[in-house]
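K.L.:
Per numbering that gives the first Met the number 0, the sequence shown starts with residue 0, numbered consecutively.
For every residue, glycine included, the Cβ atom is placed at its ideal position computed from N, Cα and C.
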Amino acid sequence: MIQIYGDYEEELLVNQQFLLISFAPSSIPLKQRWRNNGLSADFVADYMGTFFPISEDDPSTIKKQAELKSAVSYIANELLENAMKFHDQSSEYPIKFGIHLLNETIILFSKNCIELAILERFQSVIKELLESDLGELYIQQLEKVAEAEQENYTTNSGLGLITIMYDYLAKLGWKIETLSASKVTIVTTMVQLTA
0 MIQIYGDYEE ELLVNQQFLL ISFAPSSIPL KQRWRNNGLS ADFVADYMGT
50 FFPISEDDPS TIKKQAELKS AVSYIANELL ENAMKFHDQS SEYPIKFGIH
100 LLNETIILFS KNCIELAILE RFQSVIKELL ESDLGELYIQ QLEKVAEAEQ
150 ENYTTNSGLG LITIMYDYLA KLGWKIETLS ASKVTIVTTM VQLTA
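1. Using DSSP with H/G/I as helix, E/B as strand and the rest coil, what is I94?
2. What are the uninterrupted segments assigned as alpha helix (DSSP H) that are 4 or more residues long and contained completely in the region 123 to 169, given in chain order?
3. Pairs of beta-carbons, one from the region 79 to 94 and one from the region 103 to 116, closer than 8 Å: are there three or more?
4. Taking the alpha-carbon positions, what's the F42 to S54 distance?
5. Rounded to whole angstroms, what is the Cα-Cα separation between D57 and I27?
6. Which ranges does the beta strand (DSSP E) cover as unbroken runs of at least 3 residues, wholly within the region 63 to 107, from first to last along the chain?
7. Closest to V13 by CA distance: which of G159, F22, L107 and Q140 is it?
8. Please name the residue, chosen from F51, N35 and F50, that lies closest to A75 on a Cα-to-Cα basis.
9. Output needed for I175: all residues of its chain with C-beta closer than 6 Å, excluding positions within five of it in sequence on either side, in chain order.
10. Please check the pair Q140 and L158, which I expect to be a contact at CB under 8 Å, by giving their CB distance rounded to whole angstroms.
11. Between V144, T162 and I98, which lies nearest to I20 when the distance is taken from Cα to Cα?
12. Please indicate yes or no: does the CB of F22 lie closer than 8 Å to some heavy atom of the ligand GDP?
13. With H, G and I counted as helix, E and B as strand and the rest as coil, what does DSSP make of S54?
14. Taking only the alpha-carbon atoms, compute the straight-line gap between I94 and L171 and give it to the nearest angstrom.
15. Please classify T187: does DSSP put it in a helix, a strand, or coil?
16. Since A44 and S72 should fall inside the 8 Å C-beta cutoff, what is the C-beta to C-beta distance between them, to a whole number of angstroms?
17. Rounded C-beta distance between L270 and L160? I'm assuming under 8 Å.
In structure tokens, the structure reads:
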């Protein structure tokens with residue numbers, strides 16, 4: 000069974016020019032992998048920056064490249080963190096992260112297994128993102144995070160995904176697919192960022 004939410008377009012992931020990184024879930028403990036997310040995100044941002052070269056004759060290219068690299072690094076880090084955090088640790092299915100460039104659109108995606116117990120909550124977060132006023136939701140979630148910090152507990156606020164949509168004006172989409180043979184549920188999160 001396949002469910003699509005938001006701005007998910009499968010055909011965008013089919014072009015021949017892309018970078019794909021795969022993480023074997025059993026190779027390194029989650030806490031150690033978590034530290035590498037920023038490194039992986041920065042690598043992807045630097046890689047993408049090469050497609051937007053700086054011109055000495057046009058100083059605006061320096062600013063554009065820096066803004067794109069910053070956006071790609073932030074988005075890549077959020078996608079990787081979420082994929083690692085919500086990956087079904089009992090699954091041998093790898094966590095995958097990729098980036099594509101199509102004309103003036105940068106497409107980033109993550110793919111991971113998710114436990115059925117977490118899936119329902121995740122789907123409600125997706126629906127809230129897609130149906131709410133982002134400005135109001137952003138403020139609500141900031142308040143929720145501040146309250147959680149005061150009370151010394153953590154919350155899965157979805158603030159990273161909200162920030163991707165609100166601050167970077169990116170489109171988000173999801174594909175949730177249950178593989179019938181293995182009964183594994185795969186979540187693909189797609190971000191489309193205009194360059």
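P.N.:
According to the structure shown:
1. Position 95 of the sequence shown, counting from 1, holds the residue named residue 94. Three-state DSSP puts I94 in a strand.
2. 133 to 149 and 158 to 165
3. Touching, per the Cβ criterion.
4. The count along the sequence shown starts at 1 and reaches residue 42 at position 43. The count along the sequence shown starts at 1 and reaches residue 54 at position 55. Approximately 22 Å, taken between the alpha carbons.
5. Working through the sequence shown from its first residue, we reach residue 57 at position 58. Working through the sequence shown from its first residue, we reach residue 27 at position 28. When rounded, the distance between both Cα atoms is 44 Å.
6. 94 to 101
7. Within the sequence shown, residue 13 is the residue found at index 14, counting from 1. Measuring from the Cα of V13, the nearest candidate turns out to be L107.
8. Position 76 of the sequence shown, counted from the start, is the residue given in the question as residue 75. For A75, the nearest C-alpha among the options comes from N35.
9. Counting from 1 along the sequence shown, the entry for residue 175 is found at position 176. Contacts found: Q2 and V186.
10. Here residue 140 corresponds to residue number 141 of the sequence shown, with the count starting at 1. Here residue 158 corresponds to residue number 159 of the sequence shown, with the count starting at 1. With a beta-carbon spacing of about 5 Å, Q140 and L158 fall inside the 8 Å limit used to define contacts.
11. By 1-based counting over the sequence shown, the position of residue 20 is 21. It is I98 whose Cα lies nearest to the Cα of I20.
12. As for the ligand GDP, it is missing from this structure, which has no ligand bound.
13. As a position in the sequence shown, residue 54 is number 55, starting the count at 1. Note: S54 maps to strand in three-state DSSP.
14. In the sequence shown, residue 94 corresponds to position 95, counting from 1. In the sequence shown, residue 171 corresponds to position 172, counting from 1. Near 19 Å, if we compare the C-alpha coordinates of L171 and I94.
15. Mapped onto the sequence shown, residue 187 falls at position 188. In the displayed model, T187 falls within a strand according to three-state DSSP.
16. Reading the sequence shown from its first residue, position 45 is the one you call residue 44. Reading the sequence shown from its first residue, position 73 is the one you call residue 72. Between S72 and A44 the Cβ distance is about 4 Å, and since that is below 8 Å, they are a contact.
17. Nothing in the structure corresponds to residue 270, since the chain is present only between 0 and 194.
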